[in-house]
Each structure stands twice: as C-alpha cells, then as structure tokens.
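Working notes, structure below.
Protein chains: 2
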Amino acid sequence: MKIGILGGAGRAGAFIYQEAQARGHEPVAIVRNEAKAKAKLGDEAHLLVKDTFDLTAADLVPFDAIVDALSVPWGSGKGYLHLDMATHIMHLLRDTQAIALFIIGSSSLEINGQVIYHTFDATTAQQPWFDGARYQYFEYIYLQMNPEVNWIAVSPAMAFPTGPKTGYLRGKDELLVDEAGNSQISTGNMAAAILDELEQPSAIHSRFTVRDK
Amino acid sequence: MKIGILGGAGRAGAFIYQEAQARGHEPVAIVRNEAKAKAKLGDEAHLLVKDTFDLTAADLVPFDAIVDALSVPWGSGKGYLHLDMATHIMHLLRDTQAIALFIIGSSSLEINGQVIYHTFDATTAQQPWFDGARYQYFEYIYLQMNPEVNWIAVSPAMAFPTGPKTGYLRGKDELLVDEAGNSQISTGNMAAAILDELEQPSAIHSRFTVRDK
Numbered sequence: 206m207k208i209g210i211l212g213g214a215g216r217a218g219a220f221i222y223q224e225a226q227a228r229g230h231e232p233v234a235i236v237r238n239e240a241k242a243k244a245k246l247g248d249e250a251h252l253l254v255k256d257t258f259d260l261t262a263a264d265l266v267p268f269d270a271i272v273d274a275l276s277v278p279w280g281s282g283k284g285y286l287h288l289d290m291a292t293h294i295m296h297l298l299r300d301t302q303a304i305a306l307f308i309i310g311s312s313s314l315e316i317n318g319q320v321i322y323h324t325f326d327a328t329t330a331q332q333p334w335f336d337g338a339r340y341q342y343f344e345y346i347y348l349q350m351n352p353e354v355n356w357i358a359v360s361p362a363m364a365f366p367t368g369p370k371t372g373y374l375r376g377k378d379e380l381l382v383d384e385a386g387n388s389q390i391s392t393g394n395m396a397a398a399i400l401d402e403l404e405q406p407s408a409i410h411s412r413f414t415v416r417d418k
Numbered sequence: 206m207k208i209g210i211l212g213g214a215g216r217a218g219a220f221i222y223q224e225a226q227a228r229g230h231e232p233v234a235i236v237r238n239e240a241k242a243k244a245k246l247g248d249e250a251h252l253l254v255k256d257t258f259d260l261t262a263a264d265l266v267p268f269d270a271i272v273d274a275l276s277v278p279w280g281s282g283k284g285y286l287h288l289d290m291a292t293h294i295m296h297l298l299r300d301t302q303a304i305a306l307f308i309i310g311s312s313s314l315e316i317n318g319q320v321i322y323h324t325f326d327a328t329t330a331q332q333p334w335f336d337g338a339r340y341q342y343f344e345y346i347y348l349q350m351n352p353e354v355n356w357i358a359v360s361p362a363m364a365f366p367t368g369p370k371t372g373y374l375r376g377k378d379e380l381l382v383d384e385a386g387n388s389q390i391s392t393g394n395m396a397a398a399i400l401d402e403l404e405q406p407s408a409i410h411s412r413f414t415v416r417d418k
C-alpha cells in the first residue's frame with residue numbers, strides 16, 4: 206500500500222512511517238522540512254516536501270491511504286489548523302477511493318457515556334492544550350458530515366507518550382482505561398493500530414480508540 | 206467598503222454586486238469566467254478572475270468583507286463543494302478582521318421550532334436539490350465551530366426567485382412566511398438585506414433569514 210503520512214517526521218508520524226515500512230508498505234512522509242525529516246527517518250526516506258495547504262489533488266493521486274498525524278503547538282492559538290488541515294485534505298480526496306485516517310484527540314471520547322468535551326469548564330478552557338482539543342473535537346463532527354470520502358478517525362487514550370510497540374486494545378467511543386486506572390497509548394502502539402486498520406479497514410466513516418495492552 | 210463577492214456574476218451575486226455599487230461601495234466580483242462576468246456586469250466591472258480553491262490569503266487581504274454567493278448545480282452530485290468552499294474561505298480569513306457572509310440554504314431554518322433538515326425523509330433525499338441543501342445545512346454547523354472568523358450566515362426563504370428590490374422583513378431561525386402562506390425572498394431583496402447587514406453588522410457568529418415584505 207502506498208501511504209502518505211502528513212506530519213510523517215513528527216512524534217507519532219515517524220512511528221507510523223517506520224511501522225508501514227517494516228510491514229513492506231510504501232510510506233511517504235509529507236513534511237515541510239526536508240532536513241528535519243531526513244534526520245529523523247534517514248537519508249533514504251521517501252519524502253514529499255510540501256506544506257499541507259499547498260498540496261493538490263494531483264499530489265495525492267498516487268496514495269492508497271493518507272494519514273493525518275499533524276500536530277499544532279500547544280499555546281499557539283492556532284488550534285483551528287487541526288480543522289483546516291482536515292477540511293483541505295478531505296476536499297482533495299473528493300471522488301477518490303483513498304482512505305483518509307485522522308488522529309483526533311481524546312476529548313470526543315466518552316466517559317460513562319458522556320462526551321468528555323461536554324464536561325469541560327471555564328478552568329479547562331485555560332489549559333494550553335484546550336484550543337487544540339476543541340478543534341480536534343470539531344474535526345470529528347466535521348468528518349461525520351462527509352460520506353463521500355473514506356475517512357476513519359482514531360482517538361488516542363488520555364495520555365499519548367512516545368514509546369515502542371508492545372500490544373494494544375481497541376474500543377469505539379468510550380475512553381479506554383486499564384485495570385490500574387491508566388489511560389495511555391504509546392506512539393508505537395498507535396502506529397500498529399493504524400496499520401492494522403489500514404490493512405483491513407473496519408471503521409470507515411467512524412472512529413475507534415486504542416490503549417496499551 | 207471593499208467587498209469581494211464569490212460568484213459575483215451569478216444569479217444572486219450580480220444583484221449583490223450592483224447593490225453594493227449603487228451604495229458607493231467597491232465591489233469586486235470573484236469569478237472563474239471573465240467573459241461571462243463582463244457580459245453580466247459590464248465591461249467596466251471590477252473582477253478578480255480565479256477559482257475559489259485557488260484563492261490565497263493574500264488575495265483576500267484588500268477586502269473588508271467577503272460574500273459567498275456561490276452555487277453548485279443541482280444534480281451534479283457535488284453538493285459537498287458548498288462545504289469545501291466555505292472551509293477554504295474560512296481558512297484564508299483566519300486571524301483577520303474581515304467579515305465573511307455566507308448565503309446558506311433554508312433547510313437549517315425551523316418550522317414551529319423544528320429544524321427543516323431534520324424533517325427530511327427518504328423521498329426528500331431523491332430530490333435534485335437535496336444534495337446541495339444537505340451540505341449547506343452542514344456548512345451552517347461548520348460555521349458555528351469557528352469563533353475566530355467574523356462570519357455571518359443568511360438563509361433565504363423557501364423560494365429564492367430572481368427579482369428586484371421591493372422591501373424585506375428579517376427574522377432569525379424560523380422560516381419566514383407571509384400572510385398568504387408564501388415564503389419567498391427575491392435576489393434583489395436578498396442583496397439589500399446583505400448590504401444592510403454588512404454596513405451595520407448585528408449577526409456576527411450567527412445566522413439570520415429574510416423574506417419579501
């Protein structure tokens with residue numbers, strides 16, 4: 206499978222790139238900074254060096270799947286870029302059969318049936334991560350308006366630390382928490398879950414979530 | 206006021222252009238087809254000849270307001286372009302003070318407090334206008350996710366025929382119907398309502414509706 210990874214040299218994206226490569230797929234990291242991407246992925250890495258908003262439909266034609274692993278810096282006040290990047294990618298993929306998989310935040314998940322985003326209060330809104338969480342919640346609402354594109358969304362658990370592949374569990378809308386009360390998915394396990402889903406898609410037009418096993 | 210009108214040579218857009226000009230503003234019709242626009246608006250018309258999706262943030266810098274009067278042909282199966290054009294324009298206007306006014310459909314309005322879109326059934330979904338109506342409903346949901354842009358939405362009455370300015374009444378979320386049971390706004394009256402709103406904005410981050418008086 207030819208897989209374009211937006212933010213493919215980022216914290217999660219690099220794990221996805223490496224997992225795809227290890228499985229014999231053809232990943233391409235879509236990045237803005239070539240030097241930074243090569244430092245992370247190696248000089249032989251397959252790159253498409255372009256800003257997300259400069260991508261055209263023609264750029265994406267070669268890909269069977271696109272993974273949006275883009276991040277927006279906390280506190281930048283530009284959380285809306287999560288939404289804008291998603292709307293741009295979706296526009297480019299209209300009338301194609303490509304799969305578009307978006308990593309969205311955990312705030313659209315539920316705890317005991319209640320959407321986490323709806324539990325946020327004025328204090329939460331002061332947190333540096335809130336702006337991005339809000340627009341990733343909106344991103345999920347936006348995705349659900351679009352039956353014409355083969356989109357899939359994945360929410361990490363509450364914590365999403367950098368770490369290796371060790372095994373994961375999968376759920377749907379409820380935040381996953383382990384027996385000790387921890388809700389966590391490593392970047393390595395997220396990468397494995399994403400590749401498993403791309404190889405055998407079962408969540409098109411919906412969202413799933415994962416935690417470390 | 207410098208006003209960029211997307212679809213400014215279209216059925217509604219041309220009325221908006223002419224109303225803005227008559228009031229001493231500086232309208233610019235943003236169009237794809239220069240010859241067609243000149244045939245409609247005159248050889249002296251101020252044009253920006255560009256496809257909506259090729260517009261850049263720099264293109265929109267000169268404008269105090271942008272009006273989205275774009276249409277999508279019924280039955281084209283491309284109703285999603287309503288949503289995609291809105292998301293592109295909103296992205297270009299991030300971190301600006303410009304007003305962005307979107308003409309959306311009437312299906313997001315209410316009848317006796319119930320949203321019209323929610324009353325649609327499988328038969329409705331067969332109608333040639335349904336695809337566009339659906340995505341204009343989604344467009345309204347999308348707009349409400351975006352406090353960072355000074356957006357305004359306006360819904361026409363049920364019928365939106367071509368006709369002159371004769372006077373209009375304004376409402377908020379309930380579909381407006383006259384004493385005889387007609388729900389209609391002419392393109393001329395819509396243009397007047399839009400210019401009135403742009404000159405003295407009172408609906409930023411919300412939607413209003415209009416009917417012929």
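Residue numbers (the numbering used here), protein chains in the order written: chain A, 206 to 418; chain B, 206 to 418. Note that CB positions come from ideal geometry on N, CA and C, so glycine has one too. All of these numbers come straight from a predicted model, not from anything done at the bench.
Can you list, in chain order, the residues of its chain with a C-beta nearer than 6 Å to that of residue i? Leave out the 5 residues immediately preceding and following it.
i: lysine 207 (chain B); result: Glu231, Pro267, Phe268 and Asp269
i: leucine 298 (chain B); result: Ala305 and Val354
i: aspartate 336 (chain B); result: Gly284
i: glutamine 264 (chain B); result: What sits at residue 264 (chain B) in the sequence shown is aspartate, not glutamine. Contacts found: none.
i: leucine 403 (chain A); result: Ala270
i: glycine 178 (chain B); result: Past the boundaries of the shown model lies residue 178 (chain B); chain B is included only from 206 to 418, so the question cannot be answered.
Under 8 Å Cβ to Cβ from residue i, same chain only, skipping five residues before and after it: list those, please.
i: threonine 414 (chain A); result: Ser311, Leu314, Val359, Ser360, Pro361, Ala362, Arg375, Gly376, Lys377, Asp378, Glu379, Leu380 and Leu381
i: alanine 242 (chain A); result: Gly213, Ala214, Ala234, Val236, Ala250, Leu252 and Val254
i: histidine 293 (chain A); result: Thr257, Phe258 and Leu260
i: tyrosine 322 (chain B); result: Ser312, Ser313, Ala338, Arg339 and Tyr342
i: threonine 371 (chain A); result: Ser391, Gly393, Asn394, Asp417 and Lys418
i: alanine 291 (chain B); result: Asp273, Phe307, Glu344, Tyr347 and Leu348
i: aspartate 248 (chain A); result: none
i: threonine 324 (chain A); result: Ile316
Under 7 Å between C-beta atoms, does residue i make it to chain B?
i: tyrosine 322 (chain A); result: no
i: tyrosine 285 (chain A); result: yes
How about residue i and residue j: are their beta carbons less than 7 Å apart?
i: arginine 228 (chain A); j: leucine 400 (chain A); result: yes
i: alanine 398 (chain A); j: phenylalanine 220 (chain A); result: no
i: leucine 275 (chain A); j: leucine 348 (chain A); result: no
i: alanine 364 (chain A); j: glutamine 389 (chain A); result: yes
i: proline 333 (chain B); j: glycine 282 (chain B); result: no
i: isoleucine 308 (chain A); j: glutamate 344 (chain A); result: no
i: valine 277 (chain A); j: leucine 286 (chain A); result: yes
i: aspartate 289 (chain B); j: histidine 296 (chain A); result: yes
i: methionine 408 (chain A); j: isoleucine 357 (chain A); result: As written in the sequence, residue 408 (chain A) is alanine, which differs from the methionine given in the question. Yes, the pair counts as a contact, with Cβ atoms nearer than the cut-off.
Taking 7 Å as the CB-CB cut-off, is residue i touching chain A?
i: phenylalanine 343 (chain B); result: yes
Going along the chain, which residues of its own chain have a beta-carbon closer than 7 Å to the beta-carbon of residue i, five neighbours each way excluded?
i: threonine 329 (chain A); result: Phe335
i: glutamate 239 (chain B); result: Leu252 and Val254
i: aspartate 383 (chain B); result: Arg416
i: histidine 410 (chain A); result: Pro352 and Trp356
Chain-ordered residues of the segment 288-309 of chain B with a beta carbon less than 8 Å from chain A: Leu288, Asp289, Thr292, His293, Met295, His296 and Arg299
Suppose only complete runs of 3+ residues qualify. What are the beta strand (DSSP E) ranges in the segment 237-314 of chain A, listed by chain order? 252-254, 270-273 and 304-308
Inside the segment 325-377 of chain B only - alpha helix (DSSP H) runs reaching at least 4 residues: 335-348
So if I threshold CB-CB distances at 8 Å, which residues from the segment 350-363 of chain B count as touching chain A? Met350, Asn351 and Glu353
Cβ-based contacts, 9 Å cut-off: residues of the segment 214-235 of chain A near chain B: none
Taking a Cβ distance cut-off of 7 Å, strictly less, list which residues of the segment 363-385 of chain B are near chain A, in chain order. From the segment 363-385 of chain B, no residue has a Cβ closer than 7 Å to chain A.
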